Amino acid sequence: MNKNSSNIMALAPNTSNKRETVCIFGTGDFGRALGHKLIQSGYPVVFGSRSTQTSSLIPKDAEVLSHAEAAQKAAIIIIAIQRQHYNFLTPLAEILRGKVLVDISNNLKINQYPESNAEYLAQLVPGAKVVKAFNTVSAWALQSGTLDASRQVFVCGDDMEAKQMVMDIVRALGLTPLDQGSLLAAQEIENYPLQLFPMWKFPILLSLGLIAFFFFYCLIRDVIYPYVYENKDYSFFIAISITNRICPILALILLALVYLPGVLAAIIQLYRGTKYRRFPDWLDKWMLCRKQLGLVALAFASLHVLYTLVNPIRSFVRWRISSQTVSQALNNKTEPLNTTNAWLSDSYLALGILGFFLFVLLGITSLPSVSNNVNWREFRFVQSKLGYLTLVLCTAHTLVYGGKWFLSPSSYRWYLPRAYMLSLIIPCTVLVIKFVLIFPCLDRPLTRIRQGWERNPQYSE
Ligand code: NAP
């Protein structure tokens, strides 16, 4: 409750205090949009421009002056100009001494220049206090008010007071400032808007690779094999049967891959006897995209649920059931209820439903709006304990579904086992390693290592 009320306080502009004048250099797209927003929030705005002629696009309550005149009117100057034109600031260095210069610029390419634009600005005007901010907000979003994707404003700078002044403005505009530290963070902040889902690349490429592999695997086993040996055309399996085989397989493998790096990290820490050495790069990167892997897995699990629900209305399924019924009627023989099969079928469905329920719960708790409201221990409990329980239930769901076929020679076509058998390899490996790691002889040293103990202190750096 406290948290929420402080958020509301932070977002509500304090209209009772008189706002300090803000100067904006540049009357371009972003300068104008920010000017409008600042005036709406009660800030007097003065523009510094190469041309002092005002236009209908410039907010009518704002003054337009030369750069030198405008700079003298405010303690904060927002530079809404591309980096390549920053040279014009050098002659103004004396006027800008002691002022807060806000660099909002973006580049066209990641790491386009050796130093960040904000550091470059600080070199050009050494007497000014440079703060990086606003580059993750677009002019259009500022003007139209649709700030859903860009409410967060990353702020960094070497002068605490200057940074605080900029963060106050950010809050007054109804945005959320996120302090990223010193100006050294500017390069990363400038690269941020140029990235396209960096954490999703690995999960999506991996999923595409697995889809392609399992599609051709199932095509060979379920369509080409019956065509060659029985002259039956099951090509329509591609639409639902094969898809509904691939979705649960991917959901299970990707879920297992969320937990595999954790057990690998535990083995590495046990082997090294310390937590103070960096993991290999590939493991670090893998750990960082676990949330995305889990969400892609959840998407495949949801598709599996939908495909399974439409099964009863499929023409092929209805034909198979009716032909079995007709064949029993023609033979005047009803098959007795097989309670073992009924148990297996019900258990398989129950495990699937419970597994999917926990899967959804995991997905929901990984959303920032939810995870921000639970403490670290609660988050770990859900993501680790409930996560492993989900993996156990989903693996058991798959085992109960087809465990009986493991030793049946008819399951192997051209020596290829059923696809779901392959999907069990990684989850079972993860669960077995996790089970072994729970043994006190391994769990105790691992817990101590994670609390900072070192087997051989020479490893500490
Ligand atoms: P813009 O529409 O092209 O405006 C740039 C302004 O810079 C011009 O209107 C001009 O203002 C000034 N300028 C141009 N050449 C100059 C020169 N040689 N010397 C001095 N001033 C010069 O660009 P913008 O979209 O507003 O972007 C401005 C900055 O904001 C860029 O660094 C951009 O990366 C950043 N940004 C933009 C957005 C966005 O959505 N547009 C979002 C985040 C960050 P005067 O004619 O008044 O002098």
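Each residue of the sequence shown is one higher than the one before, counting from 1 in UniProt numbering. C-beta atoms are modelled at their ideal positions from N, C-alpha and C, and glycine is treated no differently. Quantities reported herein were computed from a predicted structural model and do not represent experimental measurements.
Would the beta-carbon of residue 302 be found less than 7 Å away from any heavy atom of the ligand NAP?
The residue you call residue 302 lines up with position 302 of the sequence shown. Every heavy atom of the ligand NAP is 7 Å or more from the Cβ of residue 302, so no.
Kindly provide the ranges of any alpha helix (DSSP H) runs that are 4 or more residues long and lie completely inside the segment 401–457, ordered along the chain.
You should have 419–423, 425–438, 440–450.
For residue 90, is the beta carbon positioned less than 7 Å from some heavy atom of the ligand NAP?
As a first step, residue 90 must be located in the sequence shown, where it is residue number 90. Result no, Cβ not under 7 Å from the ligand NAP.
What does DSSP give as the partner residue(s) for residue 176 in the beta ladder?
The residue given as residue 176 occupies position 176 in the sequence shown. According to DSSP, residue 176 bridges with 152.
Can you tell me the Cα-Cα spacing of residue 265 and residue 375, whole angstroms?
Counted from its first residue, the sequence shown places residue 265 at position 265. Counted from its first residue, the sequence shown places residue 375 at position 375. Each residue's Cα considered, the two are about 23 Å apart.
Please list, in chain order, all residues with a C-beta atom less than 6 Å from at least one heavy atom of the ligand NAP.
For the ligand NAP, the selected residues are 26, 27, 28, 29, 30, 31, 49, 50, 51, 80, 81, 82, 85, 88, 104, 105, 106, 135, 138, 139.
Nearest-angstrom Cα distance between residue 463 and residue 247?
The first residue shown for the chain is 1 and the last is 461, placing residue 463 beyond what the model contains.
Determine the closest residue to residue 143 out of 368, 39, 240, 162, with distance taken between C-alpha atoms.
Here residue 143 refers to the residue found at position 143 when the sequence shown is read from its first residue. The residue with the shortest Cα to Cα distance from residue 143 is 39.
If I follow the unbroken beta strand (DSSP E) through residue 63, where does it start and stop?
As a position in the sequence shown, residue 63 is number 63, starting the count at 1. Start and end: 63–65.
Can you tell me whether residue 131 is buried or exposed, with buried defined as 16 or more other CB within 10 angstroms of its CB?
Here the question's residue 131 lines up with position 131 in the sequence shown. Counting Cβ neighbours within 10 Å, residue 131 comes out buried, since at least 16 surround it.
So does the segment 21–41 actually touch the segment 80–96, counting three or more Cβ pairs closer than 8 Å?
Yes, the segment 21–41 touches the segment 80–96.
How about the segment 255–270 and the segment 436–451: do they share at least three Cβ pairs that are nearer than 8 Å?
Yes, they touch.
Assuming residue 395 and residue 424 form a contact by the criterion Cβ under 8 Å, report the distance between their Cβ atoms to the nearest whole angstrom.
As a working note, residue 395 is residue 395 in the sequence shown. As a working note, residue 424 is residue 424 in the sequence shown. The pair is a contact, with the Cβ atoms about 7 Å apart (cut-off 8 Å).
If you run the structure through DSSP and keep just helix, strand and coil, what is residue 108?
Stepping through the sequence shown from its first residue, residue 108 is reached at position 108. Of the three classes helix, strand and coil, the one that applies to residue 108 here is coil, per DSSP.
Terminal residues of the continuous beta strand (DSSP E) containing residue 103?
Taking the first residue of the sequence shown as position 1, residue 103 is located at position 103. Its beta strand (DSSP E) spans residues 100–103.
Going by CA-CA distance only, name the one from 93, 60, 305 that's closest to residue 245.
As a first step, residue 245 must be located in the sequence shown, where it is residue number 245. The shortest Cα separation from residue 245 among 93, 60, 305 belongs to 305.
So what does DSSP say about residue 23, is it helix, strand or coil?
Stepping through the sequence shown from its first residue, residue 23 is reached at position 23. The answer is strand: DSSP assigns residue 23 an E or B state.
Note down, in chain order, each residue of its chain lying with its Cβ closer than 6 Å to the Cβ of residue 162, except the 5 sequence neighbours on either side.
Taking the sequence shown and counting its residues from 1, one reaches residue 162 at position 162. Cβ within range, chain order: 100, 129, 131.
Helix, strand or coil: how does DSSP classify residue 134 here?
Taking the sequence shown and counting its residues from 1, the one referred to as residue 134 is at position 134. Here residue 134 sits in coil by DSSP.
Assuming the contact rule is C-beta atoms closer than 8 Å, residue 170 and residue 155 should be a hit. Round their C-beta distance to whole Å, please.
Within the sequence shown, residue 170 is the residue found at index 170, counting from 1. Within the sequence shown, residue 155 is the residue found at index 155, counting from 1. The Cβ separation is near 7 Å, so the contact holds.
Determine the extent of the beta strand (DSSP E) in which residue 95 is found, giving its start and end residues.
Counting from one through the sequence shown, the residue named residue 95 turns up at place 95. Careful: residue 95 lies outside any beta strand (DSSP E), inside the alpha helix (DSSP H) at 93–96.
Could you please give the first and the last residue of the uninterrupted beta strand (DSSP E) stretch that includes residue 48?
Counting from 1 along the sequence shown, the entry for residue 48 is found at position 48. Where residue 48 is concerned, the enclosing beta strand (DSSP E) stretches over 45–48.
So, are the CB atoms of residue 158 and residue 183 less than 8 Å apart?
For the purposes of this step, residue 158 is identified with residue 158 of the sequence shown, where counting begins at 1. For the purposes of this step, residue 183 is identified with residue 183 of the sequence shown, where counting begins at 1. Contact flag set, yes.
Where do the ends of the beta strand (DSSP E) carrying residue 353 lie?
Locating residue 353 in the sequence shown gives position 353, where the first residue counts as 1. Element bounds for residue 353: not the beta strand (DSSP E) but the alpha helix (DSSP H), 339–365.
Report yes or no: do the segment 206–221 and the segment 412–421 share at least 3 C-beta pairs separated by less than 8 Å?
Contact holds: three or more Cβ-Cβ distances are below 8 Å.
Residues in the same chain with beta-carbon distance under 7 Å from residue 10, minus the five sequence neighbours each way, listed in chain order, please.
As a position in the sequence shown, residue 10 is number 10, starting the count at 1. Here the model assigns residue 10 a pLDDT of 40, short of 50, so the residue's position is not dependable, and the following value carries that caveat. Answer for residue 10: 171, listed in chain order.
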